[in-house]
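> In terms of this note's numbering, the numbers along the sequence shown are unbroken and rise by one, the last being 127.
All C-beta atoms in this analysis are idealised placements derived from N, C-alpha and C, irrespective of residue type, glycine included.
Quantities reported herein were computed from a predicted structural model and do not represent experimental measurements.
Mind having a look at this structure? Questions to follow.
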Amino acid sequence: MCVGVRVSPSSSRVEVRGPYGERLKVALSAPPEDNRANHQLEEVLAEWLDVGREQVGVQAGHASRDKVVAFTGIDQAELRTRLERLLRERQERTGAR
């Protein structure tokens, strides 16, 4: 399954900022140089969604803020549940809508 992600590289924090249209907005501390932001995105999504790092990969948008991230070894319903939980936890922490 693939998920659209909008990244903000070189941010002061690494965090989920919430939905961004049909995408997930993620702030990254890594700069957009030498694939560092892409690698950090893969690492944090694996951690946040409790999947192995090898199950997450930037599929498209390597040099763009808008990326397509592919997940393997997890079915669509389970990934959707984990994404919803991630967004719900963010909302509870920040009080954001």
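1. Answer yes or no: do Leu71 and Val37 have a C-beta to C-beta separation smaller than 8 angstroms?
2. Given this structure, state the Cα-to-Cα distance separating Thr102 from Gly125, to the nearest angstrom.
3. Count the other C-beta atoms from every protein chain shown that fall within 10 angstroms of the C-beta of Ala67, then say buried if there are 16 or more, exposed otherwise.
4. Quick check: what's the CA-CA separation for Glu77 versus Cys32?
5. DSSP on Arg118, reduced to helix/strand/coil?
6. Residues in the same chain with beta-carbon distance under 7 angstroms from Ala93, minus the five sequence neighbours each way, listed in chain order, please.
7. Roughly how many whole angstroms lie between the Cα atoms of Glu45 and Val56?
The short version:
1. In the sequence shown, the residue the question calls residue 71 occupies position 41. In the sequence shown, the residue the question calls residue 37 occupies position 7. Closer than 8 angstroms, so yes.
2. The residue given as residue 102 occupies position 72 in the sequence shown. The residue given as residue 125 occupies position 95 in the sequence shown. Roughly 32 angstroms between the two C-alpha positions.
3. Here residue 67 refers to the residue found at position 37 of the sequence shown. Buried, since its Cβ has 16 or more Cβ neighbours within 10 Å.
4. The residue labelled residue 77 in the question sits at position 47 within the sequence shown. The residue labelled residue 32 in the question sits at position 2 within the sequence shown. When rounded, the distance between both Cα atoms is 17 angstroms.
5. Start at 1 with the first residue of the sequence shown, and residue 118 comes out as number 88. Looking at Arg118 - three-state DSSP - the assignment turns out to be helix.
6. Position 63 of the sequence shown, counted from the first residue, corresponds to residue 93. If we look at Ala93 and ignore the five residues flanking it on each side, it has no Cβ neighbours.
7. Reading the sequence shown from its first residue, position 15 is the one you call residue 45. Reading the sequence shown from its first residue, position 26 is the one you call residue 56. Their Cα atoms are separated by approximately 6 angstroms.
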